[in-house]
Amino acid sequence: METPLKQHQSGAWALLLCAWLLALVSTIAVLFVGEVMGQLPCVLCWFQRAFMFPLVLVLGVACFLSDAGVWRYALPLAVMGWLIALYHNLLYFGLIPESIKPCGAA
């Protein structure tokens, strides 16, 4: 029978693994679209990637070390990337009145 501490640790590790897999799949997907399919990213996409790519390493190391305190250094990266993505989408859908080129037209 597992103790509550062991259950909490295994639950935290599972969430950490899911976060790492999400970051890994996202990184592989954007590299495939950019390098294999040849779609050039726009400037805002580059900034989003600058915050997403390190998460693969940060979360991967945290999974390996079972570091549940990773949120202290992973969350700021994720939040900054999310804020740039939000701004990018608001521009793209015309909710913020500025012109923007589609990502393929960079």
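In this text, residue positions in the sequence shown follow the working numbering: the first is -4, and each later residue adds one. By construction, the Cβ of each residue, glycine as well, lies at the ideal position given by its N, Cα and C atoms.
Cβ neighbour criterion (16 or more within 10 Å) applied to residue i
i	result
residue 47	buried
residue 65	buried
residue 77	exposed
residue 45	exposed
CB contact flag (residue i, residue j, <9 Å)
i	j	result
residue 24	residue 50	no
residue 11	residue 54	yes
residue 35	residue 86	no
Nearest neighbour of residue i, chosen from the options [CA to CA]
i	options	result
residue 41	90, 20, 89, 80	80
residue 8	92, 63, 88	63
residue 18	68, 5, 52	52
residue 6	95, 61, 83	61
Delimiting residues of the alpha helix (DSSP H) encompassing residue i
i	result
residue 69	66 to 87
residue 40	38 to 60
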